[in-house]
Amino acid sequence: MEELKRRILAEGENLGRGILKVDSFINHQIDTHLIFDAGRELARRFADAGVTKVITAEISGIAPALATAHALDVPVVYARKTRPITMAGAVFVEVAPSHTKGGDVFLMVSGEFLKPDDRVLVIDDFLASGATISALARLVKHAGATLVGIGAVIEKGFENGRQDLAYLDVPIVSLAVISDMSDGKIVLE
Numbered sequence: 558m559e560e561l562k563r564r565i566l567a568e569g570e571n572l573g574r575g576i577l578k579v580d581s582f583i584n585h586q587i588d589t590h591l592i593f594d595a596g597r598e599l600a601r602r603f604a605d606a607g608v609t610k611v612i613t614a615e616i617s618g619i620a621p622a623l624a625t626a627h628a629l630d631v632p633v634v635y636a637r638k639t640r641p642i643t644m645a646g647a648v649f650v651e652v653a654p655s656h657t658k659g660g661d662v663f664l665m666v667s668g669e670f671l672k673p674d675d676r677v678l679v680i681d682d683f684l685a686s687g688a689t690i691s692a693l694a695r696l697v698k699h700a701g702a703t704l705v706g707i708g709a710v711i712e713k714g715f716e717n718g719r720q721d722l723a724y725l726d727v728p729i730v731s732l733a734v735i736s737d738m739s740d741g742k743i744v745l746e
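In the working numbering, the protein residues as written are 558 to 746.
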């Protein structure tokens, strides 16, 4: 995804401490053409996985997950961070540390929308430490569903999340990989 890489280098801001601000096209203001292109590419990479659901975490993962699910013609489920009164019955809950929030967040999915016969693809905006994606994978496991893959729009390769997720033994796809953010740089592989 050359356009994604170009935008990261042109508009991305290295805020230090491994935080990349891409708010102008992915995380706050969303370039719909770019995000749907990313979704189509992620869907193409997982076309043979038999995906029946895409799962992500609220809120920044919703756009790429929606675009991917749309391209795969399957529903998207997002793990909520607060439990609404409408979420009754069985609820799967996991905790994940949030780099940008500076603490732990709870991720919740209703058992109503994640079933044992589902084949689930995790999609997120970032793959960094892998903590959020690992929590999503645990939610899939709690539901008795099958995790078939992990996709991310941007991977911060220097945070070793891919290696930390190897225990899941599923394909991991990232559309752009950042290899270095030291000294205010943004270096892509």
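For glycine and all other residues, C-beta sits at the position ideal for the given N, C-alpha and C.
Given the structure is predicted, the values throughout are model-derived calculations rather than measurements.
Assigned exposure category for residue i - 16 Cβ within 10 Å defines buried
| i | result |
| --- | --- |
| D682 | buried |
| Y635 | buried |
| S736 | exposed |
| V666 | buried |
| G573 | exposed |
| A604 | exposed |
| V579 | buried |
Pairwise C-alpha distance: residue j and residue i
| i | j | result |
| --- | --- | --- |
| S691 | L722 | 7 Å |
| E746 | A595 | 18 Å |
| H585 | G706 | 26 Å |
| H590 | V611 | 20 Å |
| R719 | I729 | 7 Å |
| D740 | G659 | 22 Å |
| D661 | I616 | 15 Å |
| V744 | I583 | 18 Å |
| L696 | M644 | 15 Å |
| R563 | A620 | 19 Å |
| V652 | M558 | 32 Å |
Cβ pair residue i, residue j closer than 8 Å
| i | j | result |
| --- | --- | --- |
| F663 | V650 | yes |
| S686 | E716 | yes |
| A700 | P673 | yes |
| L566 | V710 | no |
| V734 | L704 | no |
| P641 | A688 | no |
| G618 | R676 | no |
| E598 | L732 | yes |
| A622 | I592 | no |
| A600 | L577 | no |
| T609 | V631 | yes |
Cutoff 7 Å; reference residue i; Cβ partners in own chain excluding five residues on either side
| i | result |
| --- | --- |
| S581 | E568 |
| H627 | G596 |
| V727 | L704, V705, G706, I707 |
Cutoff 8 Å; reference residue i; Cβ partners in own chain excluding five residues on either side
| i | result |
| --- | --- |
| K742 | N571 |
| G668 | G646, A647, V648, F649, A700 |
| G575 | H656, A685, K713, F715, E716, M738 |
Enclosing beta strand (DSSP E) for residue i [first to last residue]
| i | result |
| --- | --- |
| S667 | 660 to 667 |
| R676 | 676 to 684 |
| G706 | 703 to 713 |
| D737 | 729 to 737 |
| V608 | Element bounds for V608: n/a, residue is neither H nor E. |
| A653 | 648 to 655 |
| A636 | 633 to 636 |
Contacts around residue i, its chain only, beta-carbon distance under 6 Å, and the 5 residues preceding and following it disregarded
| i | result |
| --- | --- |
| R602 | V730 |
| F670 | V634 |
| R637 | E615, M665 |
Enclosing alpha helix (DSSP H) for residue i [first to last residue]
| i | result |
| --- | --- |
| P621 | 619 to 629 |
| A595 | 589 to 602 |
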